[in-house]
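Reading through the structure tokens given below for one structure.
Structure (structure tokens):
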């Protein structure tokens, strides 16, 4: 069995489950830290800022540096900045999207935007969605933080950002650029930053369709954990298997 | 060329175009009336009540009886009533949906509904959509007034009810019962009411995907008018043609 020089790690379902800690996950991170193995957190959550994510990890017994957390809001803002230094952005999204745009010096506007950036927004209105659709039809670039159609909660599945992205796609007949997993963009950026060969890095996550697929897309090994969305039974239905699958991170000993 | 005993007629794009009258349409209705040929209006608009629709027709020079206007809100309420006399309904929708449910004595509720009825709602919130999704996952029947993904306006396309229906379908993985065109339910009900053989009734509308398809589905002849969504060029791309296609209703002389 291979050993890895670095780990890319999903958050919800892997490091914690909603508001419940996963103790094996905190132990796993401590093992990485004691062996000085570098890691990056790679999340599809666009609503939380990196600072808030760091605090949430801390509540779950996990110490992390803000700069080691990759969110699709930050990556989207970086992408926009790289395309157009002084871009004007119409945004649907919460604090994570807002802070990401501000941190990159991008102007948030309601009028004549160059880009429409869509992240989850639990206060979104018909008016806001309509405006996004009209801006895209007038030529603004359509960017989505992540494609998750639905999000599991204690009460059942609730609408995810992907469901709104689909809505805008249907109205505008325009395909978005999607930043989050299973797109491999965040993984590629993390690999660049770590400056290690693909074979030495592994992606860890609970969700086959996003985490594992993003790893497969990027051409790196993958480790599935059963603490979240995808069960071992679900894995029987997919053709490309993850490199490894464990019940919990307590079963992973290859440090 | 056949003569018809009765006409089923679409509204927006056929009898008026947004806020602009179509004079040929008013002349057409006067011709039907002077020949005592019965007709019914069949619309996918769920937000407007039948009374308000009657008033809008009047503003456009068209006299109509309220009982001759079929809306998907009324048909949805009738359907629910026929399935469960004392049904409790969670609704997304505007005045048309609300009035339809009240007129059929159905209880509108936020808690433990038997049905979730989704019509266009230009004040819909994330919370409301989330609640609809959770009720459907708990077993409430999912009914949609109409499947229109997008609505043309002077500014561009804006979200239609179908875009929200798709959103809920993605989150709940549940297929809705859809009342409006191109489903033939409203046509069938109008035919029942008119009590005429299918061959004697024709469906008139501007939108191939909804009006003409609903007529084809119901097995009646169809008359396409170029005053709305579908152009003559668009018709070249479809395999099943409408029975007739005219530039405007001024070109229809078979009374």
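Chains as they are written, first to last, in my numbering: chain A, 96 to 350; chain B, 96 to 350. Cβ atoms here follow ideal geometry from the backbone N, Cα and C, with glycine treated the same way.
Is residue i helix, strand or coil when you go by DSSP?
i                      : result
residue 191 of chain A : helix
residue 335 of chain A : coil
residue 172 of chain B : helix
residue 281 of chain A : helix
residue 295 of chain A : helix
residue 182 of chain B : coil
residue 124 of chain A : helix
residue 202 of chain A : strand
residue 343 of chain A : coil
residue 216 of chain B : coil
residue 107 of chain B : strand
Find the nearest neighbour of residue i within the set the options, judged by alpha-carbon distance.
i                      : options                    : result
residue 142 of chain B : B/131, B/195, B/295        : B/195
residue 324 of chain A : A/136, A/223, A/123, A/243 : A/243
residue 251 of chain B : A/202, A/313, A/231        : A/231
residue 270 of chain B : B/184, B/237, B/345, B/205 : B/237
residue 156 of chain B : B/111, B/288, B/322        : B/111
residue 265 of chain B : A/277, A/265, A/307, A/258 : A/258
residue 278 of chain A : A/248, A/314, A/255        : A/314
residue 340 of chain A : A/233, A/307, A/132        : A/307
residue 338 of chain A : A/348, A/347, A/321, A/317 : A/317
residue 256 of chain A : A/267, A/272, A/100, A/239 : A/239
residue 294 of chain B : B/178, B/119, B/310        : B/310
residue 99 of chain A  : A/108, A/115, A/130, A/116 : A/130
residue 291 of chain A : A/122, A/134, A/113        : A/134
residue 179 of chain A : A/200, A/154, A/275        : A/200
residue 221 of chain A : A/263, A/211, A/113        : A/263
residue 349 of chain A : A/321, A/124, A/285        : A/124
residue 211 of chain A : A/198, A/228, A/217, A/116 : A/228
residue 322 of chain A : A/305, A/304, A/343        : A/343
residue 281 of chain B : B/150, B/120, B/312, B/191 : B/312
residue 159 of chain B : B/165, B/167, B/149, B/168 : B/149
residue 302 of chain A : A/103, A/288, A/107        : A/107
residue 213 of chain B : B/162, B/247, B/260, B/182 : B/260
Let's test the definition: count the other Cβ atoms within 10 Å of the Cβ of residue i and tell me whether it reaches 16, buried, or not, exposed.
i                      : result
residue 300 of chain A : buried
residue 145 of chain A : buried
residue 139 of chain A : buried
residue 327 of chain B : exposed
residue 205 of chain A : exposed
residue 245 of chain A : buried
residue 333 of chain A : exposed
residue 118 of chain A : exposed
residue 171 of chain B : buried
residue 225 of chain B : buried
residue 114 of chain B : exposed
residue 189 of chain A : buried
residue 276 of chain B : buried
residue 234 of chain B : exposed
residue 177 of chain A : exposed
residue 346 of chain B : exposed
I need the boundaries of the alpha helix (DSSP H) containing residue i, first residue and last residue.
i                      : result
residue 308 of chain A : 308 to 313
residue 330 of chain B : 327 to 330
residue 350 of chain B : Segment: none, residue 350 of chain B is in no alpha helix (DSSP H) and carries neither H nor E.
residue 152 of chain A : 145 to 154
Could you give the first and the last residue of the continuous beta strand (DSSP E) run that contains residue i?
i                      : result
residue 104 of chain A : 101 to 104
residue 210 of chain B : 210 to 213
residue 320 of chain A : 316 to 320
residue 137 of chain A : 134 to 137
Beta strand (DSSP E) runs contained entirely in the stretch 228 to 278 of chain A, provided each spans 3 or more residues: 236 to 239, 245 to 248, 251 to 254
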